[in-house]
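Structure first, then comments.
Numbering (UniProt numbering), first residue to last: 1 to 250.
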């Protein structure tokens, strides 16, 4: 038995998220369908982040077990030849049998892109949240500081999750402006359902001066989803990378 680790990127615009859903196009379905002709067996994949519909990835990590002996160097070009052009395999490694893409992950880094302008270029429409109102990134940055650390993030979890604990730790959160873009990076050990998008939606309310930065602390302590801002749309969110402890790759 072999444990194979993939690093892939994808444009999530045409997919109903990572996870398999009957009758709907998903990243996991496309990947597993493409693995079958190469490995000649049904493969069950595990991903580090179960991205939602319309969310993108530049550094998604996946692993799977197989009995087939195929060199890592030959898997990447072969698999990319079977996959649609909006899903690409960047790297392939064989790893130790105890490596698990989700359970072994130490932290995940997401980026959210906001296009803050009165005009939206059609070239950006699938990859940004267009916000035509003036945003103050300094206020957003100040509010984001209240989210750093280990907290109960129940106020930022959407309905539909069966997780047993809503404690999470945000390692870093940065907000900066680059021309017409406002860029938000969030690094955490793991994320609750739609947690990143709910935090971004709240930061935008603060950036629009509909709330003050101190309200972020109050929202966090309230443990009430109704207190936070709206859920930011999916297309601005991208899973940039997943970090692990030391593990053998070959």
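C-beta: ideal position from N, C-alpha, C; glycine also.
Rounded to the nearest angstrom, how far is the Cβ of residue i from that of residue j, given a contact under 8 Å?
i	j	result
residue 87	residue 30	6 Å
residue 204	residue 135	7 Å
residue 206	residue 139	5 Å
residue 143	residue 240	That belief does not hold up - the Cβ atoms of residue 143 and residue 240 are roughly 22 Å apart, past 8 Å.
residue 101	residue 68	Going by Cβ atoms, the distance from residue 101 to residue 68 rounds to 19 Å, so no, they are not a contact pair.
residue 3	residue 94	7 Å
residue 176	residue 132	With 8 Å as the limit, residue 176 and residue 132 do not qualify as a contact, their Cβ atoms being about 20 Å apart.
residue 251	residue 8	This structure leaves residue 251 out entirely; the chain is present only between 1 and 250.
residue 160	residue 193	6 Å
Looking only at C-alpha atoms, which of the options sits nearest to residue i?
i	options	result
residue 60	243, 15 and 54	243
residue 114	237, 241 and 245	237
residue 167	182, 183, 195 and 138	195
residue 1	17, 43 and 8	43
residue 41	62, 19, 66 and 174	66
residue 83	37, 245 and 193	37
residue 232	128, 64, 245 and 246	128
residue 16	22, 26 and 7	26
residue 172	188, 19, 97 and 58	188
residue 64	85, 92 and 178	92
residue 202	179, 227 and 22	227
Specify, as a first and last residue, the run of the beta strand (DSSP E) that residue i falls within.
i	result
residue 99	It is not in any beta strand (DSSP E) - residue 99 carries neither H nor E in the DSSP assignment.
residue 171	167–178
residue 108	105–115
residue 149	149–152
residue 93	87–95
residue 248	Unbroken run through residue 248: none, as it is neither H nor E.
residue 10	2–10
residue 68	No beta strand (DSSP E) holds residue 68; DSSP gives it neither H nor E.
residue 123	Per DSSP, residue 123 belongs to no beta strand (DSSP E) and is neither H nor E.
residue 187	181–188
Which stretch, first to last residue, makes up the alpha helix (DSSP H) that contains residue i?
i	result
residue 33	27–39
residue 131	Neither: residue 131 is in no alpha helix (DSSP H) and is coded neither H nor E.
residue 201	195–207
residue 53	Where residue 53 is concerned, there is no enclosing alpha helix (DSSP H), given that its DSSP letter is neither H nor E.
residue 218	214–222
residue 72	72–82
Count the other CB atoms, across all protein chains shown, that sit within 10 Å of the CB of residue i; report buried if there are 16 or more and exposed otherwise.
i	result
residue 224	exposed
residue 250	exposed
residue 191	buried
residue 235	buried
residue 104	buried
residue 199	buried
residue 157	buried
residue 108	buried
residue 56	buried
residue 24	exposed
residue 28	buried
residue 5	buried
residue 45	buried
residue 163	exposed
residue 248	exposed
residue 229	buried
residue 197	buried
residue 123	exposed
Against chain C, with Cβ distances strictly below 7 Å, would residue i count as a contact?
i	result
residue 126	No chain C is present in this structure, which holds just one protein chain.
query = Is it true that the region 150–157 meets the region 70–79, where meeting means three or more beta-carbon pairs spaced less than 8 Å apart?
reply = Short answer: they don't touch.
inquiry  = Can you confirm whether the region 23–40 touches the region 203–222 when touching is taken to mean that 3 or more C-beta pairs between the two stretches lie within less than 8 Å?
reply    = The region 203–222, when compared against the region 23–40, does not touch it at the 8 Å Cβ threshold.
task = Pair every Cβ in the region 45–55 with every Cβ in the region 2–13, then say whether three or more of these pairs are closer than 8 Å.
result = The region 45–55, when compared against the region 2–13, does touch it at the 8 Å Cβ threshold.
inquiry  = Three Cβ pairs or more, each shorter than 8 Å: is that satisfied between the region 112–128 and the region 166–183?
reply    = Touching, yes, given that three or more Cβ pairs across the two stretches are closer than 8 Å.
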